[in-house]
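Let me begin by presenting the structure, written as structure tokens, before commenting on it.
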Ligand code: G4P
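In the UniProt record's numbering, the protein residues as written are 1 to 526.
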């Protein structure tokens with residue numbers, strides 16, 4: 001088989017996705033069930049154990065431990081029905097950071113997990129928006145069907161109102177909460193029976209002609225059957241038709257109902273998802289789109305994880321392979337600095353284990369040992385130089401003034417700030433009127449990591465003073481008058497001397513925009 005045929009075959013098999021959810025929706029549980037279907041039995045319990053660790057104290061040694069663990073579990077891989085599946089972990093809770101957003105750029109699709117009782121929650125909205133901007137397909141799993149929850153039609157309405165996305169249910173619940181009897185598969189015309197908590201290991205599937213099949217009435221009783229038939233008729237008449245093109249464009253989300261903890265509906269979801277989810281596609285580069293089946297290897301770094309343990313100062317750069325075939329020990333060009341480097345000890349991540357990989361293909365994520373040569377967004381390529389443009393920057397939402405405890409450490413302090421901003425740990429701004437340095441992040445954890453690393457790696461103790469700003473907007477205006485912005489905001493400068501206005505609330509931001517109609521206010525640096 002030729003190399004390009006081999007790459008094509010491998011690309012066709014691959015599905016790389018991220019699960020997006022608000023904390024507690026059941027992401028850990030669902031991930032674990034998916035891994036079990038993939039035969040990764042030895043992992044049972046490990047995802048859960050990791051989570052338990054996270055809930056431990058916020059003592060620094062603990063965070064270090066957690067970070068160490070989350071390094072190895074950032075990507076999980078398994079095989080199922082001829083597919084090779086890569087699940088990217090998107091940390092939630094206090095671990096939420098720019099890394100979370102960046103990780104989504106490495107995914108070809110997303111699974112949005114929603115708690116049936118809570119509906120669309122805050123963190124889901126943020127993560128959804130990033131996926132939306134990238135135009136990747138989003139599949140919805142509505143979880144905890146064994147509990148009392150919202151009406152399925154109301155949930156569809158909520159997806160449309162809050163997220164602006166239309167949906168098409170692939171299956172439909174028969175009853176809910178304690179009355180949950182099963183789900184009706186609209187595509188296959190079959191009923192998956194829910195046996196209840198005590199006996200959930202035996203989920204039974206019955207093939208029926210359609211939803212009027214008498215078998216359903218026999219199993220679910222008159223009340224639930226009438227309700228089901230009414231609902232399904234309404235969906236057939238008034239609901240969106242399944243439209244593959246719209247799903248692929250991220251304009252329509254297929255919905256699956258189930259219960260992760262009971263393993264109910266998970267397998268059907270997985271099988272349908274793998275059929276519908278896209279394989280790795282072409283990625284945008286400065287030279288135009290690069291097809292994954294291109295013979296030459298290329299990829300980009302989307303995340304760098306520093307080891308928080310001072311005894312092991314190594315860092316790991318996470319690389320998404322975009323084209324060609326990766327082989328251990330291969331030489332590739334580090335495009336930004338023009339040097340050729342050898343990829344000697346790449347790692348693939350499988351929950352708790354770190355495995356050395358010999359070969360990998362587009363869609364796969366590999367971890368590269370990083371002695372400090374990589375930055376977020378760096379591209380590696382074989383043959384011609386390829387520079388990927390896949391990584392957007394994000395507007396910070398949390399701000400703090402940083403001060404140094406020991407003025408004699410000024411030099412190390414500056415070096416630390418420069419390196420950590422370059423790495424993407426934090427964004428930095430300088431006050432235009434006082435000699436102040438302000439840091440901006442999207443998640444609190446980034447501050448903690450910054451503070452810790454300044455101490456551990458540069459020997460500098462810093463203090464952070466939270467500020468009340470919530471929005472940053474880059475100002476594009478040839479005749480900027482800094483005085484104009486003082487009323488509703490604070491004007492600062494970024495590293496490249498661009499003006500940035502910081503606002504405390506949306507009202508202040510809107511007022512500034514209205515008063516300065518000729519000024520552009522950009523969410524990220526121009
Ligand atoms: P997360 O990673 O999204 O934060 O959520 P996680 O999987 O940890 O699930 C959060 C809680 O929801 C867990 O309960 C979990 O057992 C429960 N859960 C997950 N799926 C379902 C479901 O389908 N039905 C019901 N009823 N509960 C579900 P917990 O009390 O926090 O933990 P545990 O002690 O029960 O494990």
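Glycine residues also receive a C-beta, built at the ideal position from the N, C-alpha and C atoms.
Original post:
Under the criterion of a Cβ to heavy atom distance below 7 Å, does residue 27 qualify as lining the ligand G4P?
Top reply: yes
Original post:
Can the beta-carbon of residue 326 be found less than 8 Å from the beta-carbon of residue 301?
Top reply: no
Subject >> Three-pair Cβ contact test at 8 Å for the region 118-128 versus the region 154-169 >> reply: yes
**OP:** Return helix, strand or coil for residue 214, following the three-state DSSP convention.
**Re:** helix
Subject >> residue 211 to residue 234 span [Cα, whole Å] >> reply: 13 Å
Subject >> Residue of 160, 165, 229, 299 minimising C-alpha distance to residue 171 >> reply: 229
Subject >> Near the ligand G4P: residue 176 beta-carbon under 7 Å from a heavy atom >> reply: no
Original post:
What did DSSP end up calling residue 361 once you bin it into helix, strand or coil?
Top reply: coil
Original post:
How would you call residue 204, buried or exposed, if buried means at least 16 neighbouring beta carbons within 10 angstroms?
Top reply: exposed
**OP:** Give a yes or no on whether the C-beta atoms belonging to residue 293 and residue 165 are separated by under 8 Å.
**Re:** no
Original post:
Any heavy atom of the ligand G4P closer than 7 Å to the CB of residue 262?
Top reply: yes
Original post:
So is the beta-carbon of residue 146 under 7 Å away from any non-hydrogen atom of the ligand G4P?
Top reply: yes
**OP:** Quick one: grab the DSSP three-state call for residue 467.
**Re:** coil
**OP:** Might you give, ordered along the chain, the residues of its own chain that have their beta carbon closer than 7 Å to the beta carbon of residue 495, omitting 5 neighbours on each side?
**Re:** 421, 428
Original post:
Just checking, does the region 375-386 make contact with the region 255-271 on the three C-beta pairs under 8 Å criterion?
Top reply: no
Original post:
Which residue from 239, 193, 503 puts its Cα closest to that of residue 488?
Top reply: 503
Subject >> Straight-line gap, residue 129 to residue 215 (C-alpha atoms, nearest Å) >> reply: 42 Å
Original post:
residue 267 to residue 479, Cα distance in whole Å?
Top reply: 60 Å
Subject >> Proximity to residue 475 [Cα-Cα], best of 405, 331, 518 >> reply: 518
**OP:** Taking all protein chains shown into account, decide if residue 86 is buried (16 or more other Cβ within 10 angstroms of its Cβ) or exposed.
**Re:** buried
**OP:** With hydrogens ignored, establish whether the beta-carbon of residue 259 is closer than 7 Å to any heavy atom of the ligand G4P.
**Re:** yes
**OP:** Answer yes or no: the CB of residue 23 versus the heavy atoms of the ligand G4P, is any distance below 7 Å?
**Re:** yes
Original post:
Tell me which same chain residues have a C-beta within less than 6 Å of the C-beta of residue 182, skipping the five on either side of it?
Top reply: 174, 191, 192, 193, 194
Original post:
How about residue 332 and residue 369: are their beta carbons less than 8 Å apart?
Top reply: no
**OP:** Report the option in 409, 334, 404 whose CA atom is closest to the CA atom of residue 379.
**Re:** 334
Subject >> 3-residue-minimum beta strand (DSSP E) runs that sit fully inside the region 222-279, ordered along the chain >> reply: 252-257
Original post:
Below 8 Å, can you find three or more Cβ-Cβ pairs linking the region 109-116 to the region 219-226?
Top reply: no
**OP:** Please report the residue range of the beta strand (DSSP E) in which residue 494 lies.
**Re:** 489-494
**OP:** Compute the Euclidean distance between the alpha carbons of residue 338 and residue 393, then round it to the nearest angstrom.
**Re:** 24 Å
**OP:** Determine the direct distance from the alpha carbon of residue 321 to that of residue 386, and round the result to whole angstroms.
**Re:** 12 Å
Original post:
Would you say residue 188 reaches chain B, if we count a Cβ-Cβ gap shorter than 8 Å as a contact?
Top reply: Any reference to chain B falls outside this structure, which holds one protein chain only.
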